[in-house]
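Just below is one structure, and these are the notes that go with it.
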Amino acid sequence: MKAPLLATTALGLGAITATATQEPEVQVIGQKVAGQVHILVGQGGNIGIMSGEDGVLMIDTQFAPLEEKIRGAIAEITQDVPSYVVNTHWHGDHVGGNAGFGKDGLIVAHQNVRARMKSGGGRGAPAAPEALPDLTYDDGMTIHYNGEAVHLVHLPTGHTDGDTIVFFTGSKVVHMGDLMFNDRFPFIDLDSGGSVSGYLRALKSAYAQIGADMKVIPGHGDLGTREDIAKIIRMIEASIEVVEARMAQGMSAQEIVDAGMPEEYASWSWGFIPTDRWLSTLYRGLTEEKRAQEQSR
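Numbering-wise, the sequence shown is residues 3 to 299 according to my numbering.
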């Protein structure tokens, strides 16, 4: 058990961390996914809840000001409180409620999540000790809970350098964290160890491991399937082709952004990652990867 948090520091997606002022209007809604797994949708990353005879395992915690509402949504599923909290990565809309929920159970995450939270990740003050993961791993780990093997699988250098996807093997559900933004351009955090090629590689790895009968919880967006991941892969590959072709023509970063994306991808643009930011991310990421390859020769 942990002492209460005295001061909360928002981490990660700086543009989203100003949500505390909007908190009274936010609703946290639960929905059964399959088997023993529910999704909670509020503000920030989608929360996964596994509830069974052993208790509750929680995936991500959104923002601290939403703790009471999140607990209320959990209470509609079970009277138990989380014994385990798994963080899919370090961004504030996924770990912001850690200190509160960490009073009840152990926080589990990839070792880079703890490291970035502890240092502040170059974006602000370090997280309070009460918010830090208690258990960390490198490639992954398995939690045997509620009669299922819950596999935590680390996929490196994708959205960040600490991403985990979570397989609920008995319920046939996978939580993708921010390695999946369903039907929208993804956020690739190049300043937190993410990369364009790594994000694509992670999606392909996840696709190969996910069964056609599995339900998929994205970090943001509606519930999906394996085929939704395939659609994202195709979109990213097409986007890379567009940017690389323009780079080969000698277009500047601004010219590439101004040229936009083909009309068929217009619906993927959204508030946090509009088309211009998506193209800017691809240009910067691909340029940095090319430079690193040249330097390694």
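By construction, the Cβ of each residue, glycine as well, lies at the ideal position given by its N, Cα and C atoms. Only a predicted model underlies this, so the values are computations on that prediction, with no experimental measurement involved.
The beta carbon of A240 lies closer than 8 Å to those of P264 and Y267 in the same chain, with the five residues before and after it left out. K206 sits in a helix when the DSSP states are folded into three classes.
By the Cβ rule, the stretch 160-179 counts as touching the stretch 209-221, because three or more pairs are nearer than 8 Å. Rounded to whole angstroms, M52 and L59 show a C-alpha spacing of 5 Å.
DSSP places S241 in the helix class (H, G or I) of the three-state scheme. Judged by beta-carbon spacing, L181 lies within the 9 Å limit of H161, meaning their Cβ atoms are closer than that value. Shortest Cα-Cα distance from L281 to any of K71, L205 and G262 involves G262. Burial check for G122: the Cβ neighbour count within 10 Å stays below 16, so the residue is exposed. Excluding its 5 nearest sequence neighbours in each direction, N114 has C-beta neighbours in its own chain below 8 Å: W92, T162, D163, G164 and G195, listed in chain order. C-alpha of L68 to C-alpha of H153: approximately 27 Å in a straight line. Going by beta carbons, P135 and G107 fall outside the 9 Å limit. Residue pairing by DSSP puts F169 in a beta bridge opposite H153 and V176.
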